[in-house]
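The listed protein sequences correspond, in order, to chains C and U.
Per the numbering used here, the very first residue in the first sequence carries number 30; after that it's consecutive.
Per the numbering used here, the very first residue in the second sequence carries number 1289; after that it's consecutive.
Glycine included, C-beta positions come from ideal geometry on N, C-alpha and C.
Bear in mind the structure is a predicted one, so any value in this text is a computation, not a measurement.
Worksheet for the structure shown next.
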Amino acid sequence: MGLGQGDLLDNADGPHEAVNVHSRAQPGVPTLSRLFDLNEERELMHRRLAFTVAGVFLATSALAACTSSGDGATPSDGASTTAAGDADAPATLDFWTWTTNIEQVIDIWNKENPTQQVNVDRQAQGDELITRLLTAEKAGNAPCLMHTEYQALPVLVSNGVAADLTADVADIRSAFPDGAWGLTSFGDQVFAIPQDVGPMMLYYREDLFNQLGLTVPTTWDEFAALAAEVRQKSPTQYLTTFSAGDPGWFAGLSEQAGANWWTPEGNSWKVSIDDPATQKVATFWGDLVKSDLVDSQPMYTPEWNAAMNDGTLLAWPSAVWGAGVLEGVAPDTAGKWRAVPMPQWSAGDNVTGYWGGSGTAMSASCKYPAQAMKFMTWLNTSPEALAGLVTISGVYPAATAGQTGPALAAPPKMMPNQPDFFAQASEIASSARGFTWGPNVNVTYQSYVDEFQKAIQDGSPFADALTRMQDTTVTDLTRQGFDVVSGS
Amino acid sequence: MNNTKRSAGATSLVPARDAPQVLRRRSRRHRLAPWAFMAPALLMFTTFLLIPIVYAIWLSLRANRRIGGGILSKLTEVFVGLENYGRALGDPILYGALGRMLIYGLLVVPTMLGLALMFALLLDLPRVRLRTATRISIFLPYAVPGVIASLLWGFLYLPRVSPIRAAFEAVNLTPPDFFTSTSVFFSVANIAVWGGTGFNMIIMYTALRSIPAELYDAARLDGCGELQIAWRIKVPLLFPAVVMTFIFSMIATLQVFNEPQTLTPLTNVISSTWMPMQKIYTDAFVLNDIYSAAATSVMFALVTLVLSLGVLTLLQRRAFGEDR
Chain C
30 MGLGQGDLLD NADGPHEAVN VHSRAQPGVP TLSRLFDLNE ERELMHRRLA
80 FTVAGVFLAT SALAACTSSG DGATPSDGAS TTAAGDADAP ATLDFWTWTT
130 NIEQVIDIWN KENPTQQVNV DRQAQGDELI TRLLTAEKAG NAPCLMHTEY
180 QALPVLVSNG VAADLTADVA DIRSAFPDGA WGLTSFGDQV FAIPQDVGPM
230 MLYYREDLFN QLGLTVPTTW DEFAALAAEV RQKSPTQYLT TFSAGDPGWF
280 AGLSEQAGAN WWTPEGNSWK VSIDDPATQK VATFWGDLVK SDLVDSQPMY
330 TPEWNAAMND GTLLAWPSAV WGAGVLEGVA PDTAGKWRAV PMPQWSAGDN
380 VTGYWGGSGT AMSASCKYPA QAMKFMTWLN TSPEALAGLV TISGVYPAAT
430 AGQTGPALAA PPKMMPNQPD FFAQASEIAS SARGFTWGPN VNVTYQSYVD
480 EFQKAIQDGS PFADALTRMQ DTTVTDLTRQ GFDVVSGS
Chain U
1289 MNNTKRSAGA TSLVPARDAP QVLRRRSRRH RLAPWAFMAP ALLMFTTFLL
1339 IPIVYAIWLS LRANRRIGGG ILSKLTEVFV GLENYGRALG DPILYGALGR
1389 MLIYGLLVVP TMLGLALMFA LLLDLPRVRL RTATRISIFL PYAVPGVIAS
1439 LLWGFLYLPR VSPIRAAFEA VNLTPPDFFT STSVFFSVAN IAVWGGTGFN
1489 MIIMYTALRS IPAELYDAAR LDGCGELQIA WRIKVPLLFP AVVMTFIFSM
1539 IATLQVFNEP QTLTPLTNVI SSTWMPMQKI YTDAFVLNDI YSAAATSVMF
1589 ALVTLVLSLG VLTLLQRRAF GEDR
């Protein structure tokens, strides 16, 4: 019924609409450009169905058939046991994922393991896949293997969909930097194996910087001064834009500043979205936006594409996958961009955040946990799979070995002028810090979009928007029944 | 129907005291026949409308709650009574969306129906050239799906890709900003008017074509000009069609979703809860709270029903009473 439900939803409403609300885990081209660029696959698109009242009724009717009163396994079940069963026994595993060309990578596995076949099912992408996974779990037919963005993982965990992998990953812990495990862990429990990461870095237009005589900023203070310099030297251009449409981007900037939006404390969640670090980030950008030193149009719109192409925007704080995005939105600018470490809050520091990224999780109801675990380990740590992920799927692997392999010797297509792009990226990746995602990131992200849009419109302080983001998040967690400790 | 049967049975073959039994048997068979004919429709109605509605109401009384302790404790569906309704009714975001919907409706409905009426009357004038071609070209936008239309218009609205803006700049005029907090209402309404006028025009035009030509001849003999014919004969006779298109447009306004939802990622002006349907959608599929979404949907469906029936009752005598 899980599949049927999806089909019904699809058919019920005709044309889909693309809505970019959440962060992108993958090299992502904006949804709109995607509609007009059929070749571009490297994207995490959040497709939304157009619903009318009738549509909602129809959808809920579909859900009706999927609801079962029985409870699945609770997430804390088997917290300290390893996946039971013989890892080499025959099995058929379903894998719901949207990674580009992942079928070709999995073909390698399927050839080597004729009795353990993995079937890729492209149900949906990003948050839409999460919605479908929740439904499939209710219907009792969730796939064994699931692709999930890091910030969506807690939703899967608190709904009992994702299995606890803590004991299973003991052997492969050293294959990943600690920061990567932080993205898939809550307290000491691990619920997914990191697949790809998006350490943030700053892209800038080398040609235009030279033309205007600009210096690459190494601190945020320099960044702000540069933004003013750009406006003064060329009033039609902006250094960059602040996007109220990309909460994952803002979260990454906050990670860099040292924020910890959610922290498990005993049996409670400590929520501190408006902590001093994030306040600092919000105020910094708020001031720039208010004095019109940076643009405030959302990213991933035709407008933004044009601005990235024609040089209206000179720089883009993005992630390692940003080069792939540029290829999609501004192909004519190949060779004109350069990627450098993010500006720092204190001179001499070397730290960055993550924008997006995703991992592989296993469903709690998986009948072949041992085999699934074996596959997940192979996909995310074996040299052949990592090479495949890089060259075939174009992702930047989370595994340390995946960030240095020969597959990454050549720079991305957009950066021929920077042959050591991936060497630099690897260095930057090692300086990335993440934070723990809470169980209602979807609410927080939506609140970010709503509040920051409003703040830009009204010209009200960003710090207030942040406070409302905090309040919305705490209210929702409390209403769901979690114990919440608020504060900074 | 029963009366004729009774008299037939009573007068001929059947003795009088058996008559009720036969009657019952026959009429039972006859009573079943309409149900058999209606069965497919009823089945579909029950499966795809009645059960979903009941399920939506059921969902609206429930919510996900944490059961047991811990930071990752599982969420379980529990019964919460009318809590979802209470929260929806106390939600300022919903009222904001309703207010915007009202403004939008006040812009769209009169403009769209006025244009449709005007086009229909113009096309109905005698000696109009290229009648079919014109009719089709006015109707054509209706064939463009709302999402596609919104994308097209979105491109026209966005400053850096907008040819409209380029045209203004070419003649040294200040180009309009289509996405300010005020102009956005006109920008979104424009898409709906563009898409909906043709459909409503066709309804009105069809109604016009069914008005007997003798009425016009009589009017002309009495000295009416085309304008007077339009105003004194056509428009009053069109009233039922106008009422119908009004109710359609009103319901479409209550359900407006595609246009704003498509434009949402393009601009900071349109939030994800700009219109009521967007709020319901966001609750259900972004925030994963189908329970609140169900409660809002149920209330919204009730309001739609009451409004439609109210408008119908109010206008019915005026619109359809003249035939009686």
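Short Cβ contact (7 Å threshold) for residue i with residue j
| i | j | result |
| --- | --- | --- |
| leucine 1603 of chain U | methionine 1492 of chain U | no |
| aspartate 512 of chain C | serine 263 of chain C | no |
| alanine 348 of chain C | tryptophan 384 of chain C | yes |
| alanine 427 of chain C | valine 226 of chain C | yes |
| arginine 462 of chain C | glutamate 178 of chain C | no |
| isoleucine 1479 of chain U | phenylalanine 1427 of chain U | no |
| asparagine 1546 of chain U | glycine 1434 of chain U | yes |
| threonine 307 of chain C | alanine 288 of chain C | yes |
| proline 183 of chain C | glycine 388 of chain C | no |
| proline 1548 of chain U | valine 1481 of chain U | no |
| leucine 231 of chain C | proline 346 of chain C | yes |
| alanine 273 of chain C | asparagine 1372 of chain U | no |
Which listed residue (the options) has its alpha carbon closest to that of residue i
| i | options | result |
| --- | --- | --- |
| threonine 406 of chain C | C/Ala390, C/Cys395, C/Gly295, C/Thr433 | C/Ala390 |
| phenylalanine 1573 of chain U | C/Leu343, C/Val472, C/Gly388, C/Ala116 | C/Val472 |
| valine 1523 of chain U | U/Met1538, U/Ala1408, U/Asn1546 | U/Ala1408 |
| methionine 328 of chain C | U/Ala1582, U/Asp1577, U/Thr1552, U/Trp1562 | U/Thr1552 |
| alanine 1376 of chain U | U/Pro1398, U/Thr1555, U/Leu1363, U/Leu1349 | U/Leu1349 |
| serine 489 of chain C | C/Trp314, C/Pro468, C/Tyr425 | C/Trp314 |
| alanine 436 of chain C | C/Leu506, C/Gly417, C/Asp321 | C/Gly417 |
| serine 320 of chain C | C/Ala256, C/Pro372, C/Ala116, C/Trp366 | C/Ala256 |
| threonine 381 of chain C | C/Ser272, C/Thr247, C/Ala359 | C/Thr247 |
| asparagine 1488 of chain U | U/Ala1431, U/Met1332, U/Trp1346 | U/Ala1431 |
| lysine 309 of chain C | C/Trp350, C/Val300, C/Leu282, C/Gln400 | C/Leu282 |
| tryptophan 249 of chain C | C/Thr330, C/Met371, C/Asn170 | C/Met371 |
| methionine 229 of chain C | C/Gln373, C/Ser394, C/Phe491, C/His176 | C/Gln373 |
| leucine 185 of chain C | C/Ala171, C/Val424, C/Val198, C/Ala196 | C/Ala171 |
Paired residues, beta bridge with residue i - DSSP
| i | result |
| --- | --- |
| valine 300 of chain C | C/Trp291, C/Ser515 |
| glutamine 218 of chain C | C/Phe215 |
| aspartate 225 of chain C | C/Ser387, C/Pro426 |
| valine 369 of chain C | C/Leu231 |
| arginine 1497 of chain U | None, per the DSSP bridge assignment. |
| phenylalanine 124 of chain C | C/Val149, C/Leu174 |
| valine 1366 of chain U | U/Ala1351 |
| proline 346 of chain C | C/Leu231 |
Below-7 Å beta-carbon distance, residue i vs any chain C residue
| i | result |
| --- | --- |
| serine 1471 of chain U | no |
| proline 1553 of chain U | yes |
| asparagine 1372 of chain U | no |
| isoleucine 1359 of chain U | yes |
| serine 1348 of chain U | no |
| asparagine 1556 of chain U | yes |
| serine 1559 of chain U | yes |
| methionine 1326 of chain U | no |
| methionine 1289 of chain U | Any reading at methionine 1289 of chain U must be qualified, since the residue scores a pLDDT of 41, below 50, and its modelled position is unreliable; the value itself is stated next. By this cut-off, methionine 1289 of chain U is not an interface position. |
| leucine 1595 of chain U | no |
| leucine 1446 of chain U | yes |
| phenylalanine 1456 of chain U | no |
| proline 1449 of chain U | The sequence given here has valine at residue 1449 of chain U, not proline. Output row for valine 1449 of chain U: interface = yes. |
| arginine 1417 of chain U | no |
| lysine 1362 of chain U | yes |
7 Å Cβ cutoff, residue i in contact with chain U
| i | result |
| --- | --- |
| aspartate 39 of chain C | Model confidence at aspartate 39 of chain C stands at a pLDDT of 34, short of 50, so the residue's coordinates are unreliable and nothing is read from them. |
| alanine 166 of chain C | According to the sequence shown, residue 166 of chain C is glutamate rather than alanine. Not an interface residue. |
| serine 214 of chain C | no |
| glutamate 251 of chain C | no |
| serine 52 of chain C | Low local confidence applies: a pLDDT of 37 at serine 52 of chain C is under 50, so the model's placement there is unreliable, and no value is given. |
| glutamate 332 of chain C | yes |
| glutamine 486 of chain C | yes |
| arginine 76 of chain C | Unreliable positioning characterises arginine 76 of chain C in this predicted model, as indicated by a pLDDT of 30, which lies under 50. The coordinate reading is nonetheless provided below. Arginine 76 of chain C does not count as touching chain U. |
| valine 85 of chain C | Residue placement at valine 85 of chain C is poorly supported in this model, since its pLDDT is 36, which falls under 50; the coordinates are not used for a value here. |
Worksheet item: Are there three or more Cβ pairs, one per stretch, closer than 8 Å when the region 1353–1367 of chain U is compared with the region 1560–1570 of chain U?
Response: Too few Cβ pairs lie closer than 8 Å, so no.
Discussion item. Would the region 335–344 of chain C count as touching the region 217–226 of chain C if we require 3 or more Cβ pairs under 8 Å?
Written reply: Cβ pair count under 8 Å is below three, so no.
Worksheet entry | the region 439–450 of chain C contacting the region 145–152 of chain C, beta-carbon criterion three pairs below 8 Å | Taking 8 Å as the limit for Cβ pairs, the verdict is that the region 145–152 of chain C does not touch the region 439–450 of chain C.
Worksheet item: So does the region 1375–1392 of chain U actually touch the region 1359–1367 of chain U, counting three or more Cβ pairs closer than 8 Å?
Response: Touching, no.
Discussion item. Under 8 Å: do the region 162–177 of chain C and the region 190–200 of chain C share three or more Cβ pairs, one atom per stretch?
Written reply: Segments in contact, yes.
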